[in-house]
Amino acid sequence: MGSTSSDSNLTRRIGAMTLTIKSDVEIELMRVFDAPRRLVFEACTKPEHVRQWWGLRGSTMVSCEMDFRPGGTWRFVVREADGSENAFRGEYREIVPPERVVQTFELEGMPGAVSVETMTLTEDGGKTTLRTTSRFDSIEARDGMLQSGMERGAAETYDRLEELLRTIR
Amino acid sequence: MSTDQLSTTFAALADPTRRAILARLAEREATVNELAEPFDLKLPTVSKHLKVLQRAGLVKQSRQAQWRHCSLETAPLKEVAAWVERYCRIWEERFGQLDAYLTDLQAKEKADGVDE
Chain A
963 MGSTSSDSNL
973 TRRIGAMTLT
983 IKSDVEIELM
993 RVFDAPRRLV
1003 FEACTKPEHV
1013 RQWWGLRGST
1023 MVSCEMDFRP
1033 GGTWRFVVRE
1043 ADGSENAFRG
1053 EYREIVPPER
1063 VVQTFELEGM
1073 PGAVSVETMT
1083 LTEDGGKTTL
1093 RTTSRFDSIE
1103 ARDGMLQSGM
1113 ERGAAETYDR
1123 LEELLRTIR
Chain B
73 MSTDQLSTTF
83 AALADPTRRA
93 ILARLAEREA
103 TVNELAEPFD
113 LKLPTVSKHL
123 KVLQRAGLVK
133 QSRQAQWRHC
143 SLETAPLKEV
153 AAWVERYCRI
163 WEERFGQLDA
173 YLTDLQAKEK
183 ADGVDE
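Chains as they are written, first to last, in this note's numbering: chain A, 963 to 1131; chain B, 73 to 188.
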């Protein structure tokens, strides 16, 4: 102890990802993929690709609509492992192939729970760094983001308090 | 914007000085003077930060003699940790699937290239 941290963000490594809490309403996740940017962009922006990976393990994507243009909307319906269904939707606000997409994200049936997601891709030596920043302007948005079913019924609590404290040091 | 414990905690944690104060208190309790010292901060500034931390329920103050002692309250941090944990698990899994899918796509592209 003895000095103030010069890092104004809270950053933590989780497996292959890096999490950064940039402010109280903005969270960034970063991960490097061993693929060219062109391909990563395609995999993230075409429905025939997105439906292959977006849903979580044990879930099926029942519907994947993407009107991929600025002002266009998207809507995903996911059947979770426990049989329940969740619908997510949003609007594309900004599209700059193959480097940047800004879109809104909301859980259907949860009014006001809109977060804004910004995805940026940078390529270096054939590898692509994907950054996704979520901006939550309400607690509903934060909860909506987590509505995925994957944690339902999990008795385990993930007490990472010590780790968190180590990070804020 | 609706406020709740989680939002308040996130807001309190969003400042590096406040995080440093919490880290200091995680070692042991301290007086306001002791907290100000290592940060080279003026007492009113430290008091201001402490007020935010107290409102978020992260710091408790007790009076012993003429000194006010500050100590860490960990419950709100657990809530933040749990939220962050869930958020990360979702994206970790999603990114893991994207990674595997990209590997498949590249293998396919390569195979198609050979065929042509």
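Heads up, the beta-carbon is just placed ideally off N, CA and C, and yes, glycines get one too.
Start and end residues, beta strand (DSSP E) containing residue i
i          : result
Arg1037(A) : 1035-1041
Trp139(B)  : 139-144
Leu1069(A) : 1062-1069
Ala1049(A) : 1047-1058
Lys123(B)  : Not the beta strand (DSSP E): Lys123(B) falls in the alpha helix (DSSP H), residues 115-127.
Leu130(B)  : Note, Leu130(B): premise wrong, no beta strand (DSSP E); not H, not E.
Between the CA atoms of residue j and residue i - distance to the nearest angstrom
i          : j          : result
Ile162(B)  : Trp1016(A) : 10 Å
Ala95(B)   : Thr1095(A) : 26 Å
Asp1029(A) : Cys142(B)  : 54 Å
Thr117(B)  : Lys150(B)  : 27 Å
Lys180(B)  : Phe1050(A) : 30 Å
Tyr1054(A) : Thr1080(A) : 10 Å
Met979(A)  : Thr1082(A) : 15 Å
Asp171(B)  : Arg975(A)  : 18 Å
Glu990(A)  : Arg1097(A) : 9 Å
Glu1113(A) : Gln77(B)   : At Glu1113(A) the pLDDT is 39, less than 50, meaning the model places this residue with poor confidence; the figure from the coordinates comes in the next sentence. Computed Cα separation, rounded: 21 Å.
Ile93(B)   : Tyr159(B)  : 26 Å
Arg1093(A) : Arg1062(A) : 10 Å
Phe995(A)  : Arg100(B)  : 42 Å
Thr982(A)  : Thr89(B)   : 17 Å
Ala1075(A) : Asp1099(A) : 8 Å
Val131(B)  : Ala86(B)   : 15 Å
His121(B)  : Val156(B)  : 23 Å
Residue i in three-state terms, based on DSSP
i          : result
Ser1110(A) : Summary for Ser1110(A): the model assigns pLDDT 46, below 50, so the residue's position carries little reliability; its value from the coordinates is reported in the next sentence. Of the three classes helix, strand and coil, the one that applies to Ser1110(A) here is coil, per DSSP.
Arg158(B)  : helix
Phe1030(A) : coil
Thr1086(A) : Looking at the sequence itself, residue 1086(A) is Asp, so the reference to Thr does not match. In this structure, Asp1086(A) counts as strand in the three-state DSSP scheme.
Ala1075(A) : coil
Thr80(B)   : helix
Contacts that residue i makes with chain A (C-beta to C-beta distance below 7 Å)
i         : result
Leu177(B) : Leu1001, Ala1005
Asp171(B) : Phe995
Listed by chain order, chain B residues near residue i by CB distance under 7 Å
i          : result
Trp1036(A) : Going along chain B, no residue has its Cβ under 7 Å from Trp1036(A), so there is no contact; the nearest lies around 15 Å.
Ser977(A)  : Looking at the sequence provided, one finds Gly at residue 977(A) rather than Ser. Correct list: Glu164.
Residue i - containing alpha helix (DSSP H), residue span
i          : result
Arg91(B)   : 88-99
Leu1018(A) : No alpha helix (DSSP H) contains Leu1018(A), which DSSP labels as neither H nor E.
Phe1003(A) : 999-1007
Val987(A)  : That residue, Val987(A), is in no alpha helix (DSSP H); it is neither H nor E in DSSP.
Ala978(A)  : It is not in any alpha helix (DSSP H) - Ala978(A) carries neither H nor E in the DSSP assignment.
Interface residues of chain A facing residue i [CB-CB closer than 8 Å]
i         : result
Leu174(B) : Phe995, Asp996, Ala997, Leu1001, Val1002, Ala1005
Cross-chain neighbours of residue i in chain B, by beta carbon under 9 Å
i         : result
Leu991(A) : Tyr159, Cys160, Trp163, Glu164, Phe167
Checklist line | Residues of the region 995-1007 of chain A whose Cβ lies closer than 7 Å to any Cβ of chain B, in chain order | finding: Phe995, Ala997, Leu1001, Val1002, Ala1005
Margin query: To be precise: take each residue of the region 141-169 of chain B, compare its Cβ to all Cβ atoms of chain A, and keep it if any distance is under 9 Å. Which residues remain?
Written below: Leu144, Thr146, Leu149, Lys150, Val152, Ala153, Ala154, Trp155, Val156, Glu157, Arg158, Tyr159, Cys160, Arg161, Ile162, Trp163, Glu164, Glu165, Arg166, Phe167, Gly168, Gln169
Margin query: If the cut-off is 7 Å on Cβ atoms, which residues from the region 109-132 of chain B count as contacting chain A, listed in chain order?
Written below: Pro110, Phe111
Notebook entry, point to check: Can you list, in chain order, the residues of the region 1014-1033 of chain A whose Cβ is nearer than 7 Å to any Cβ on chain B?
Noted result: Gln1014, Trp1015, Trp1016, Leu1018, Arg1019
Check: Closer than 7 Å, Cβ to any Cβ of chain B: which residues of the region 1069-1089 of chain A, in chain order?
Finding: none
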